[in-house]
Amino acid sequence: MCIRDSPRGLHKMIKITNDICCMFGGIGSSDEESRKGNSYFYNDIYFYSISEGYWSMPMTGGYAPTPRYGFGLDGFKIDNIGQILLLGGKTNDSQIDQNLYLLEEIDPEDKKDNWVLKDRQQEQQYIQKLKDSGIQVLKGQKNIPVIPKSTIELSEAEKYLFDQKKELGEMETSIKQIQVITDKQKERKQQLKMQIDKVEQEKNEYLRQTEQKLKDKSQRFQQNQQFFEKLKVLTFLERKKRKITEAKILALQSTFKHTENYIISVDSLLFQLCLLYTSPSPRDS
């Protein structure tokens, strides 16, 4: 369970470490009291964890400053001990307090007071002022509050709940990180799916183009095959024609040779006839 401060204004809040802020005092009221014009002065102190978003109220004792606003507040460390310094402010009795208060970080086992007055001469005046205001001051313990057992048990329960809340916060952070990783994986999966679809489309387009090219080549092959068949037929006819021509040539050559022999025979016969008619007969001799 987170202890949360009451609504208020005119308070002071300072950063005392890299992760812890301290808030003190101020003025506040409920909605009903605000309509009546009544206000409450606070002198409670709260710590706020920036990283965990958690409010807590430390247990303090000693000369705690009375409820006030308009004061100065600062935090620092001396010998690695955290200290908060408070100066002045206007209290609920409309008085201006000029005292300087110091809140020190102490061991819970130590009996030392948290709040102390820096000016020891003002202690008795401060105690008397507390008594006049109706605040009981325990002898030997100044105004250190007595912490009942139920409060301690409640604090332990709050600590347990705080630890559980811290673990729950860590689990929520882990879940958010896992969710971020899952979202990135989903986004990556979607990108891969888009890339696969694109590759699939490119593959289908390539197959279609390849199929079309094969079809065109098949058609050209068929055309070439038909052309070669025609060329083969023409070649066969051309060879046949050549053989016929060669046969005709041989026949013509044979005919020419026979004719030539015939002519020679005729010519020889004519020559012999001429010799026969031109030679003198024996009578004429």
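In terms of the numbering used here, the sequence shown is residues 507 to 791. The beta-carbon is built from N, C-alpha and C at its ideal position, and this holds for glycine as well.
Item, Value
"Three-pair Cβ contact test at 8 Å for the region 561 to 576 versus the region 681 to 689", "no"
"Residues near GLY675 by beta carbon distance below 8 Å, same chain, minus five either side", "GLU558"
"Outcome for CYS528 when other beta-carbon atoms lying within 10 angstroms are tallied against a minimum of 16", "buried"
"Helix, strand or coil at ASN767 [DSSP, three-state]", "helix"
"Terminal residues of the beta strand (DSSP E) in which LEU593 lies", "587 to 593"
"CB of LEU592 within 8 Å of CB of PHE530, strictly", "yes"
"Residue of ARG726, THR741, ILE520 minimising C-alpha distance to ILE556", "ILE520"
"Limits of the beta strand (DSSP E) - the one that MET529 falls within", "526 to 534"
"Buried or exposed (CB count within 10 angstroms, at least 16 for buried), TYR768", "exposed"
"Presumed contact (8 Å Cβ cut-off) between PHE547 and ILE533, rounded CB distance", "6 Å"
"Distance CB(PHE577)-CB(GLY595) smaller than 8 Å", "yes"
"Cut-off 7 Å between Cβ atoms - residues of its own chain near ALA753, not counting five sequence neighbours on either side", "none"
"Alpha-carbon to alpha-carbon, LEU758 and SER774", "23 Å"
"Cutoff 8 Å; reference LYS645; Cβ partners in own chain excluding five residues on either side", "A caution first: LYS645 carries a pLDDT of 40, below 50, which makes its placement in the model unreliable, though a value can still be read off. So no residue of the chain qualifies."
"ILE602 in three-state terms, based on DSSP", "strand"
"With 16 other Cβ atoms within 10 Å as the buried cut-off, status of THR597", "buried"
"Outcome for ILE681 when other beta-carbon atoms lying within 10 angstroms are tallied against a minimum of 16", "exposed"
"Bounding residues of the beta strand (DSSP E) (the contiguous stretch that carries MET519)", "518 to 521"
"Spatial neighbours of ILE750 in its chain, beta-carbon cut-off 8 Å, leaving aside the 5 residues before and after", "none"
"Within 8 Å, strictly: CB atoms of TYR552 and MET563", "yes"
"Residue nearest to ASP580 in terms of C-alpha spacing, selected from SER724, ILE602, TRP561, LYS518", "LYS518"
"Residues near ARG514 in its chain [Cβ-Cβ closer than 7 Å; skip 5 each side]", "GLY532, ILE533, GLY534, TYR548"
"Reduced DSSP secondary structure (H/G/I, E/B, other) of GLY675", "helix"
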